[in-house]
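*Asks:*
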Amino acid sequence: MGFVFQLQGFLHYSFAPSQYYLLAMADEEPVDQKRYLEEACKPKCVKPLLEYQACVKRIQGDESGHKHCTGQYFDYWSCIDKCVAPKLFTKLK
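Just so we're aligned, residue 0 is where the sequence shown starts under numbering that gives the first Met the number 0, counting upward by one.
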C-alpha cells in the first residue's frame with residue numbers, strides 16, 4: 000500500500016512502506032537513508048500537505064505571480080524534517 004502526490008512545480012513523491020531502510024551491499028554505493036526516512040514520515044505530515052494543496056488550488060488562476068504557497072510548502076517540509084532528524088542521527092556513522 001502506498002500513495003503518490005505532486006507538489007506544485009516540484010517532483011513527484013511516493014510512499015512505499017517496503018522501502019523504509021534499504022541498505023547497500025559492501026561492494027555497492029551506500030544508500031541515502033534520509034530519503035527513506037522522509038518517505039516514512041510523510042504520512043505523519045498529512046495536515047500540512049493538505050494545507051499546501053489547498054493553497055495551490057486557491058491560487059491556480061493567479062496570473063500576476065504575486066500569490067504563492069511558500070509558507071505552506073516550508074511548513075510541510077519542516078514537519079517531515081522534525082520527524083526525520085531523531086531517526087537519521089542514530090543511523091550516522
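Beta carbons are placed, not taken as given, at the ideal position from N, Cα and C, and that holds for glycine.
(1) Out of E37, D26, H67 and K56, which one is the CA nearest neighbour of D80?
(2) Looking at C-beta atoms only, is the number of pairs between the stretch 83-90 and the stretch 42-59 that lie closer than 8 angstroms three or more?
(3) Determine the contact status of C68 and V55, defining contact as a CB-CB distance below 8 angstroms.
(4) Which stretch, first to last residue, makes up the alpha helix (DSSP H) that contains L49?
(5) Looking at L87: is its Cβ nearer than 8 angstroms to the Cβ of K33?
*Replies:* According to the data block:
(1) E37
(2) no
(3) yes
(4) V45 to R57
(5) yes
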